[in-house]
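K.L.:
Please find one structure pasted underneath; my questions will follow.
Okay, here's the thing in structure tokens:
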């Protein structure tokens with residue numbers, strides 16, 4: 001799926017104008033941030049509860065669906081308000097944003113993924129995710145020769161996400177034996193939010209730190225296209241890191257419960273591995289930036305006003321930290337330090353927004369990349385300092 005994402009980025013960047021490529025980036029980013037908003041830390045809570053009390057699966061799943069549905073209504077309203085504001089000026093883009101709001105509402109069906117997670121049965125849902133991404137690639141390849149604009153491709157983004165969400169709902173119903181019906185004010189939804197909100201807000205703040213540059217750069221579509229051309233190639237590296245560390249939660253939790261020294265040794269081993277891998281990626285990205293961008297996008301994002309070379313080099317070092325921080329974040333979660341994560345990520349988001357407000361008007365896409373690099377470095381350094389302090393304190 002990550003390889004398909006890079007292929008899609010290459011196809012769209014080669015065939016869309018920078019302004020249209022920027023609008024597709026905006027709509028895609030809205031979906032990514034909405035997914036984080038709807039999660040609000042409840043996936044981990046629901047997984048733990050169902051694992052500990054299997055008989056409560058349907059009760060917990062109904063509460064999860066109800067909570068996410070309410071959050072999806074709020075997200076729907078925010079995107080519709082955005083569409084009706086002066087943030088976008090073209091009528092086709094307004095229509096695409098209203099469609100995106102409808103698609104974002106359907107994202108609450110991703111709550112059904114709990115049914116696959118607790119059973120460790122990822123085969124069918126992974127196939128669906130890959131198929132939807134491949135279908136989107138084929139659809140883009142089919143319509144781009146007709147010289148369609150960014151709004152049309154954005155509608156395909158909405159369709160892809162809607163198909164995936166509805167498909168997960170259908171497959172989960174088959175797994176569970178029936179389709180769940182959750183009340184709008186389902187008992188247990190408030191308890192879920194109460195248990196997970198700190199991790200949820202921390203995750204949302206961290207995600208907004210990553211993508212705030214997209215929203216601020218929208219006033220300059222060429223600059224946003226340049227920033228997006230660089231970021232879309234590096235985001236999969238951070239995603240791969242999260243894929244690597246997420247299964248470690250159980251092992252690190254068990255190690256922390258048995259012996260703090262075993263936990264520290266496990267953490268340091270994975271930290272060194274990710275740091276070595278991330279350093280190689282960063283150096284390759286810095287020195288090979290023109291070659292990589294030319295290979296995937298042609299000349300448009302290598303030279304001229306839309307050049308992504310400088311943003312790509314800054315983001316290469318930014319994602320060095322973004323690839324390593326996940327294992328430190330997991331360590332904080334395992335040790336029950338949700339409040340600390342909340343303060344770290346919200347503080348970093350505030351500094352990120354202030355930095356973008358200064359850097360973007362002066363340096364455009366490169367400024368946004370510089371600020372994101374500094375933000376990721378700050379998160380890593382604070383988490384690393386906390387890890388070192390805990391090691392010395394436990395020695």
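In this note's numbering, the protein residues as written are 1 to 395.
Every residue, glycine too, gets a C-beta built ideally from N, C-alpha and C.
No experiment lies behind these values; they were computed from the predicted model shown.
1. Buried or exposed for residue 208, going by 16 or more other Cβ atoms inside 10 Å?
2. Less than 8 Å between the C-beta atoms of residue 226 and residue 365, yes or no?
3. In the structure shown, what three-state DSSP assignment does residue 270 receive?
4. Does DSSP classify residue 301 as helix, strand or coil?
5. Rounded to whole angstroms, what is the Cα-Cα separation between residue 64 and residue 378?
6. Which word fits residue 339, buried or exposed, when buried means at least 16 other C-beta atoms lie within 10 angstroms of its C-beta?
7. Rounded to a whole number of angstroms, what is the C-alpha to C-alpha distance between residue 294 and residue 16?
8. Might you give, ordered along the chain, the residues of its own chain that have their beta carbon closer than 6 Å to the beta carbon of residue 267, omitting 5 neighbours on each side?
9. If I follow the unbroken alpha helix (DSSP H) through residue 220, where does it start and stop?
10. For the stretch 55 to 64 against the stretch 248 to 265, do three or more pairs of beta-carbon atoms, one drawn from each stretch, fall closer than 8 Å, so that the two count as touching?
11. Any idea if residue 41 is buried or exposed, counting beta-carbon neighbours within 10 angstroms, 16 or more meaning buried?
12. Note down the Cα distance separating residue 334 from residue 57, rounded to an integer number of angstroms.
13. Do residue 150 and residue 24 count as a contact pair if the criterion is CB distance below 8 Å?
14. By the DSSP assignment, the alpha helix (DSSP H) with residue 319 in it spans what residues?
15. Report the rounded CA-to-CA distance for residue 79 versus residue 55, giving the unit in angstroms.
16. Using a Cβ distance threshold of 8 Å, determine whether the stretch 191 to 199 contacts the stretch 41 to 51, with at least three qualifying pairs required.
17. Using the C-alpha atoms, what's the distance from residue 265 back to residue 395?
18. Going by CA-CA distance only, name the one from 327, 121, 140 that's closest to residue 239.
19. Would you call the stretch 176 to 190 and the stretch 4 to 14 in contact, with 3 or more CB pairs under 8 Å?
20. Which residues in the same chain have their Cβ closer than 7 Å to the Cβ of residue 279, if we skip the five residues on either side of it in sequence?
21. For residue 292, which residues in the same chain have their Cβ closer than 8 Å to its Cβ, ignoring the five residues on either side in sequence?
22. Measure the C-alpha to C-alpha separation of residue 275 and residue 191 and round it to an integer number of angstroms.
23. Just to confirm, are residue 204 and residue 214 a CB contact at a threshold of 8 Å?
24. Taking residue 183 as the reference, which of 310, 70, 371 has the closest Cα?
P.N.:
Looking at the atomic coordinates:
1. Looking up residue 208 in the chain shown gives position 208. Buried, since its Cβ has 16 or more Cβ neighbours within 10 Å.
2. Here residue 226 refers to the residue found at position 226 when the chain shown is read from its first residue. Here residue 365 refers to the residue found at position 365 when the chain shown is read from its first residue. For residue 226 and residue 365, yes; Cβs fall inside 8 Å.
3. Indexing the chain shown from 1 puts residue 270 at position 270. If DSSP states are grouped into helix, strand and coil, residue 270 belongs with the helices.
4. Position 301 of the chain shown, counted from the start, is the residue given in the question as residue 301. It is coil, neither helix nor strand.
5. Start at 1 with the first residue of the chain shown, and residue 64 comes out as number 64. Start at 1 with the first residue of the chain shown, and residue 378 comes out as number 378. Taking the straight line joining both Cα atoms gives about 33 Å.
6. Locating residue 339 in the chain shown gives position 339, counting from the first residue. Looking at its Cβ environment, which holds fewer than 16 other Cβ atoms inside 10 Å, residue 339 is exposed.
7. Sequence index remark: in the chain shown, residue 294 carries index 294 (1-based). Sequence index remark: in the chain shown, residue 16 carries index 16 (1-based). So the alpha carbons of these two residues sit roughly 16 Å apart.
8. What you label residue 267 is simply residue 267 of the chain shown in a count that begins at 1. Around residue 267: 331.
9. Here residue 220 corresponds to residue number 220 of the chain shown, with the count starting at 1. No alpha helix (DSSP H) contains residue 220, which DSSP labels as neither H nor E.
10. no
11. Here the question's residue 41 lines up with position 41 in the chain shown. It is buried - the Cβ of residue 41 has at least 16 other Cβ atoms within 10 Å.
12. By 1-based counting over the chain shown, the position of residue 334 is 334. By 1-based counting over the chain shown, the position of residue 57 is 57. In a straight line, the C-alpha of residue 334 is about 23 Å away from that of residue 57.
13. Taking the chain shown and counting its residues from 1, one reaches residue 24 at position 24. Taking the chain shown and counting its residues from 1, one reaches residue 150 at position 150. Cβ distance < 8 Å, so residue 24 and residue 150 count as in contact.
14. As a working mapping, residue 319 is identified with position 319 in the chain shown. Segment 309 to 334, the alpha helix (DSSP H) holding residue 319.
15. Residue mapping note: residue 79 aligns to position 79 of the chain shown, counting from 1. Residue mapping note: residue 55 aligns to position 55 of the chain shown, counting from 1. Cα to Cα, residue 79 sits roughly 38 Å from residue 55.
16. yes
17. Sequence index remark: in the chain shown, residue 395 carries index 395 (1-based). Sequence index remark: in the chain shown, residue 265 carries index 265 (1-based). Annotation note: pLDDT 44 at residue 395 (below 50); position unreliable, coordinate value reported separately. The straight-line gap from Cα to Cα measures roughly 12 Å.
18. As a first step, residue 239 must be located in the chain shown, where it is residue number 239. Residue 327 is the option with its Cα nearest to residue 239.
19. no
20. As a first step, residue 279 must be located in the chain shown, where it is residue number 279. Once the five neighbours on either side are set aside, the close Cβ partners of residue 279 are 320.
21. Sequence index remark: in the chain shown, residue 292 carries index 292 (1-based). The residues are 233, 285, 312.
22. Translated into positions along the chain shown, residue 275 becomes position 275. Translated into positions along the chain shown, residue 191 becomes position 191. Rounded to the nearest angstrom, the two C-alpha atoms are 38 Å apart.
23. If you number the chain shown from 1, residue 204 lands on position 204. If you number the chain shown from 1, residue 214 lands on position 214. No.
24. To locate residue 183, count along the chain shown from 1; it is residue 183. Of the listed residues, the one whose Cα sits closest to residue 183 is 70.
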